[in-house]
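Here the sequence shown stands for residues 70 to 357, numbered as in this note's numbering.
Where is the CB? At the ideal position from N, CA and C, for every residue including glycine.
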Amino acid sequence: MGDYDYENEDGRHPGPLVKTNKLLSVHPLRARYTPEIGDLVVGRIVEVGKSRWKVDVAAPLLASLPLSSINLPGGILRRRTTADELQMRQYFQEGDLLVAEVQMLGGSDGAASLHARSLKYGKLKNGAFLAVSGTGGGGGVVRSRRQVFTVASGAGMAGGAATDRCSDVDVILGVNGYVWLSKHVQGAEELAQGGGVSISNLGDAVGHEIYSSQNDEIDEGTRKEIARVGASIKVLAEAGVRVDEDNVLKAYAALVDFDLSGMQQHDDGGAGLSAEARNAIVDAVAVR
């Protein structure tokens with residue numbers, strides 16, 4: 070890492086040096102996300118076009134989500150028509166957030182094409198959006214075994230010390246560095262794993278409400294836990310630590326313990342953390 074002068078050639082690209090056989094390369098400390106097939110990403114709709122949406126996934130180029138790559142309300146399995154194109158804004162419109170998977174990289178520019186046909190993908194609501202560094206930088210979200218998981222609320226982890234029982238928090242770690250935190254609900258994917266969803270009753274799981282932008286009422290305790298999980302993830306990213314399920318759970322547990330110890334002056338759900346709280350989180354993750 071640093072500046073090098075070799076035969077009148079300057080190297081000014083900071084980052085860790087990686088050696089592959091005789092090839093030397095430097096991974097940048099900060100870089101834009103480069104999509105790969107199979108990546109789970111969180112994105113924001115920026116444009117509604119002809120038979121497809123343009124999605125910001127923090128990559129150099131906007132990704133596309135074809136109309137044919139989403140579930141129609143009612144679970145209807147058929148070819149998309151002109152009538153479906155006219156109703157595209159009823160499914161997604163500019164500013165909507167969604168979770169999807171990179172299906173392919175097309176064209177000479179390598180722009181990503183997404184799909185959201187699985188019941189675990191689609192529009193996001195009842196939560197908070199968070200942007201940190203993604204794959205390509207030093208710390209931040211990395212590709213791991215599970216990008217979607219549930220964090221047990223502080224009340225449960227602290228042995229019921231909290232006065233208000235609040236919901237658990239669902240976490241979606243987009244490989245692109247976009248994170249979604251929301252109130253836990255039993256989704257259609259969980260029903261499918263339990264044998265409750267099949268091709269014959271897919272329409273019951275894929276109702277019109279999956280494209281509704283109306284948020285549900287979320288109690289104050291759950292909002293605090295969402296903020297606490299978000300604060301934990303921010304500390305990890307700012308410290309250059311990899312953000313994955315294991316580290317997020319450790320960081321959140323450390324913050325809950327720190328708050329219960331009374332050292333945090335104000336229980337604001339993790340907003341405006343003190344230096345002591347940040348150090349407690351980093352120390353907890355550093356312990357293996």
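Nearest-angstrom Cα separation, counted from residue j out to residue i
i: residue 189; j: residue 141; result: 14 Å
i: residue 163; j: residue 211; result: 27 Å
i: residue 236; j: residue 290; result: 8 Å
i: residue 155; j: residue 83; result: 49 Å
i: residue 292; j: residue 280; result: 23 Å
i: residue 102; j: residue 92; result: 23 Å
i: residue 119; j: residue 192; result: 19 Å
i: residue 248; j: residue 167; result: 11 Å
i: residue 122; j: residue 137; result: 11 Å
i: residue 85; j: residue 153; result: 49 Å
i: residue 356; j: residue 159; result: 48 Å
i: residue 139; j: residue 150; result: 14 Å
i: residue 135; j: residue 172; result: 11 Å
i: residue 126; j: residue 245; result: 6 Å
i: residue 177; j: residue 222; result: 46 Å
i: residue 148; j: residue 209; result: 40 Å
i: residue 90; j: residue 282; result: 52 Å
i: residue 214; j: residue 312; result: 12 Å
i: residue 100; j: residue 184; result: 24 Å
i: residue 278; j: residue 187; result: 16 Å
Own chain partners of residue i with C-beta closer than 7 Å, once the 5 adjacent residues on each side are dropped
i: residue 321; result: 220, 297, 298 and 301
i: residue 285; result: 195
i: residue 316; result: 305, 310 and 354
i: residue 319; result: 353 and 354
i: residue 88; result: none
i: residue 227; result: Because the pLDDT of residue 227 is 47, which lies under 50, any placement of that residue in the model is unreliable, and the question is left without a value.
i: residue 175; result: 182
Spatially closest choice to residue i from the options, by CA coordinates
i: residue 133; options: 148, 327 and 113; result: 113
i: residue 327; options: 253, 171 and 345; result: 345
i: residue 161; options: 176, 180, 129 and 124; result: 124
i: residue 325; options: 294, 310, 252 and 307; result: 294
i: residue 131; options: 280, 159, 89 and 179; result: 179
i: residue 182; options: 252, 217 and 105; result: 105
i: residue 107; options: 170, 330, 127 and 176; result: 170
i: residue 314; options: 238, 343 and 330; result: 238
i: residue 218; options: 187, 245, 186 and 254; result: 254
i: residue 165; options: 197, 214 and 176; result: 197
i: residue 342; options: 174, 356 and 307; result: 307
i: residue 200; options: 111, 94 and 95; result: 111
Cut-off 6 Å between Cβ atoms - residues of its own chain near residue i, not counting five sequence neighbours on either side
i: residue 67; result: Outside the displayed range of the chain (70 to 357) lies residue 67, so it cannot be described from this structure.
i: residue 157; result: 117
i: residue 323; result: 349, 350 and 353
i: residue 216; result: 109 and 242
i: residue 251; result: 195, 196 and 239
Span of the beta strand (DSSP E) around residue i
i: residue 114; result: 109-117
i: residue 178; result: It is not in any beta strand (DSSP E) - residue 178 carries neither H nor E in the DSSP assignment.
i: residue 94; result: 92-95
i: residue 293; result: Note, residue 293: premise wrong, no beta strand (DSSP E); alpha helix (DSSP H) at 289-307.
i: residue 215; result: Neither: residue 215 is in no beta strand (DSSP E) and is coded neither H nor E.
i: residue 250; result: 247-252
i: residue 123; result: 121-125
i: residue 194; result: No beta strand (DSSP E) contains residue 194, which DSSP labels as neither H nor E.
Endpoints, alpha helix (DSSP H) assigned at residue i
i: residue 322; result: 314-329
i: residue 350; result: 344-355
Contacts around residue i, its chain only, beta-carbon distance under 8 Å, and the 5 residues preceding and following it disregarded
i: residue 225; result: Low confidence applies to residue 225: its pLDDT is 47, below 50, so where it sits in the model is not reliable, and the reading given next is rough at best. Contacts found: 237.
Residue i Cβ short of 8 Å to the ligand ATP heavy atom set
i: residue 322; result: This structure simply doesn't include the ligand ATP, nor any ligand for that matter.
If you scan the region 133-171 from start to end, which runs of the alpha helix (DSSP H) of 4 or more residues do you find wholly inside it? 151-155 and 157-160
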